[in-house]
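First up is the structure itself, then whatever we jot down about it.
Chains as they are written, first to last, in this note's numbering: chain P, 196 to 858; chain F, 4 to 187.
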């Protein structure tokens, strides 16, 4: 019954989306407030309709309704009941419904805020969001309806890919999909402002920045969760492989990172107006590209769980987005002229712009490497692979330079920097880096690239640290206690200090990536029960093999007694699960994580006597990468937290002061 | 409040650097692995497992990958160098077995586009920055100042008033500007 309700809700949602797109744009264009208002209320019904469909699908899964094709294809009676929830987005049709529902919800929240703050832009932005929704709901209704019934109900389902039966499945895919689609919000706001002819008024900047940062945070979290999942379950000791689908999620992140920075320049200096609109259009195009590659695109990938030909429709929509944005941009170009001029090439503005160019460069190199195999095959029929070594070699140096810029860019003053002052500002970080390099050399870390890279991380950490110290000291001299000074400093400019917290996180991420890619150690050990081996500081004894048979799978767990430098540190369990129906094995690594290094054991196939080959890794400093995630969230939330009104008491005081001077 | 006392002097930089570098040094220097294993791993990382797209034989748990790792070890023991081992696999599986395309022939393209792109990007960036910093010519400045006669001024200001009435109240700029940054 509920399935039927959900089935009917979908075409209604599509009709409403079409109506909202048309009504909102025409209403905005012809200045018809009632039409605009009806479109806005129309948009609010879309998530309700989509939620009915989503709940219908969830209930079909939970009640094992095998008359629904999607339920048959993506679940089975043997599936642990908690995972029927994730089966919702395990396949194509369901994940599209999930994306559309989430986007419907976010866009309503965004439109409510927009209607209040940007009354001229909001109707156009609503129209753009509704067009995006129309596309998704249209595909669901006509091509991939997850609530479609089978002519004859099946007795049991086919189950889902066992690799997806993991705790990470609850968080990584939904966050990643949410991140990709949320880029549409800042895009719609920018397009709305552009279409309304208000791109030059900078009034969209606050909303654009807010939603840009929200989207950035979701994308970042999605990427980190994906890495964490790969690290703990796929069992190759790594977290990032420059796989096409990873790349396609990284590219919009890079563009959004550029956007959240350059939008600050427009906020502060009324510059880069056209550039910001182009950036956000590029970001959304890349986000669509991400969804395209994930939906059975042209590039083979370990992630292509959901194969289909509808990827090409995404490609078409992507092209349409790009062309439409360019046309709108060209049409409204005259409204975008920048007010502020650059006073000097040596300034924070140009540091921002350089950062933007570098981020886009990484994005386009990644794009180039990802699609080059397709070109090569079309042009010369030679199949080539562009993989990790290529991206490490080409993107690595640029990313390192970005980390450097992250340390020194924020220290540059706005408008014009005096070279002498710049030299003074750079002195501390540079001295810090030099000291670090020397210490590392003395202690025996001598890989030149690694030493240089750690030095660059130190530059950015000391650069940020020195900003904090300087700020706290100058407030302390005015009589505030250190703790109060620290708190007030941070509260006085949330975007800035929130940004610094995120930057510290990026330094940690870089440190982890450097440590684990230059100094990781791995070795294969063929071990029988009772044997002891050692790697680095660790020695480990394979004490027992626990076997467990379940209806759908067999679990084998090897237990290790591990000691570090001769001191016992406990037991570790490395697990291998074999899924009988799918004939697929999944491993769960045993990981002991410390700030210094991760000790990591992955089992392969076990012999009947329990003997197996274990791959053992020591991965330095990976721990810091996951800590970085906490910094990203804390920093972004701090930067976005609304200002407390108590602080605004200073404003009338200032005004009084100014007027008393004028008298 | 030792932490805050320390901040008075640049000593804290020493502290930060010391901590960071000792941490990385401890993490990065313990392991001693025979050099032939390191060489084998370096080669493994550049070869793709032919049946698991995108994964190197170093990562992959597929039996074919472990078989290929065995071949790499074997060939290295026989005294082959990395290039020879890679060519051996290219002959068997085609050039797609390499995780980075060879830097010759048509595939040179994949390698030269990124640096060219970077150089062009930086060049455009420099030109844009130059253009944006160049001061506006005097003549243009003067042309942008318009002298209005009395009635013209009145219409102009009434238009401004009208626009202000129609327009949204401007965003709370005062609160933004009040967030003074502690600059020296």
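Note that beta-carbon positions come from the ideal geometry of N, C-alpha and C, so glycine has one too.
- Select from 555/P, 441/P and 525/P the residue whose C-alpha is nearest the C-alpha of residue 477/P. 555/P
- Report buried or exposed for residue 59/F, applying the criterion of at least 16 other Cβ atoms within 10 angstroms of its Cβ. buried
- chain F contact for residue 816/P (CB, 8 Å cutoff): yes
- Query: How would you label residue 790/P, buried or exposed, when you count the other beta carbons within 10 angstroms and need 16 or more for buried?
  - Reply: exposed
- Query: Which chain F residues are close to residue 584/P, counting only those with a beta carbon under 7 Å from its beta carbon?
  - Reply: 48, 49, 102 and 103
- Cβ of residue 718/P less than 8 Å from any chain F Cβ? yes
- Message: Going residue by residue through the stretch 394-461 of chain P, where are the continuous alpha helix (DSSP H) segments of at least 4 residues, counting only ones entirely within it?
- Response: 400-424
- Query: Can you check whether the CB of residue 88/F is closer than 8 Å to the CB of residue 46/F?
  - Reply: yes
- Count the C-beta pairs between the stretch 295-311 of chain P and the stretch 222-240 of chain P that are closer than 8 Å, then say yes if the count reaches three, no if not. yes
- How would you call residue 501/P, buried or exposed, if buried means at least 16 neighbouring beta carbons within 10 angstroms? With a pLDDT of only 49 at residue 501/P, under 50, the local geometry of the prediction cannot be trusted, and the value read off the model is given with reservation. By the neighbour-count rule (16 or more Cβ atoms within 10 Å), residue 501/P is buried.
- Whole angstroms is fine: what's the gap from residue 65/F's alpha carbon to residue 321/P's? 50 Å
- Message: To be precise: take each residue of the stretch 574-600 of chain P, compare its Cβ to all Cβ atoms of chain F, and keep it if any distance is under 8 Å. Which residues remain?
- Response: 574, 575, 577, 578, 579, 580, 581, 582, 583, 584, 585, 588, 589 and 593
- Item | Three-state secondary structure assigned by DSSP to residue 88/F | helix
- Query: Along chain P, which residues have their Cβ under 7 Å away from the Cβ of residue 117/F?
  - Reply: 560, 563 and 589
- In chain F, what lies closer than 7 Å to residue 457/P by C-beta? Under the 7 Å cutoff, chain F gives no residues; its nearest Cβ is about 12 Å from residue 457/P.
- Item | the stretch 351-362 of chain P contacting the stretch 279-288 of chain P, beta-carbon criterion three pairs below 8 Å | yes
- Message: As a quick exercise: from 244/P, 698/P and 475/P, pick the residue whose alpha carbon is nearest that of residue 380/P.
- Response: 475/P
- Confirm, please, whether the CB-CB distance from residue 662/P to residue 695/P is below 8 Å. yes
- Query: At what residues does the beta strand (DSSP E) containing residue 764/P begin and finish?
  - Reply: 762-774
- Item | Amino acids of chain F, ordered along the chain, whose beta-carbon sits closer than 9 Å to that of residue 308/P | In chain order: nothing, as chain F lies at least about 13 Å away.
- Option in 105/F, 83/F, 26/F and 103/F with minimal Cα separation from residue 43/F: 83/F
- Query: Between residue 424/P and chain C, is there a C-beta pair that is closer than 8 Å?
  - Reply: This model lacks chain C altogether; the protein chains it does include are P and F.
- Query: Count the other CB atoms within 10 Å of the CB of residue 117/F; is the residue buried (16 or more) or exposed (fewer)?
  - Reply: buried
- Query: Given that a residue counts as buried once 16 or more other Cβ atoms are within 10 Å of its Cβ, and exposed if not, what is residue 526/P?
  - Reply: exposed
- Going along the stretch 431-459 of chain P in order, which residues come within less than 8 Å of chain F, judged by CB to CB distance? 431, 432, 433, 436, 438 and 439
- Quick check: the stretch 664-683 of chain P against the stretch 820-838 of chain P, are there 3 or more CB pairs under 8 Å? no
- Message: Give me the chain F residues within the contact set of residue 651/P, using Cβ-Cβ distance strictly less than 9 Å, ordered along the chain.
- Response: Those do not exist, as residue 651/P stays about 12 Å from chain F at its closest Cβ, beyond 9 Å.
- For the beta strand (DSSP E) that residue 796/P lies in, which residues bound it at each end? 792-801
- If you count every other CB in all the chains shown that lies within 10 Å of the CB of residue 727/P, and 16 or more means buried, which is it? exposed
- Task: Can you say whether residue 514/P is buried or exposed, counting buried as having 16 or more other CB atoms within 10 angstroms of its CB?
- Result: exposed
- Item | Which of helix, strand or coil DSSP assigns to residue 655/P | helix
- Query: Near residue 600/P, which residues of its chain fall below 8 Å by C-beta distance, leaving aside the five closest residues on each side in sequence?
  - Reply: 546, 549, 550 and 553
- Which runs of the alpha helix (DSSP H) fall wholly inside the stretch 526-583 of chain P and span at least 4 residues, in chain order? 543-575
- Is it right to say residue 613/P is buried, meaning 16 or more other beta carbons lie within 10 angstroms of its own, or is it exposed? exposed
- Within 10 angstroms of the Cβ of residue 225/P, are there 16 or more other Cβ atoms? Answer buried if so, exposed if not. exposed
- Query: Is the shortest distance between the beta-carbon of residue 548/P and the beta-carbons of chain F less than 8 Å?
  - Reply: yes
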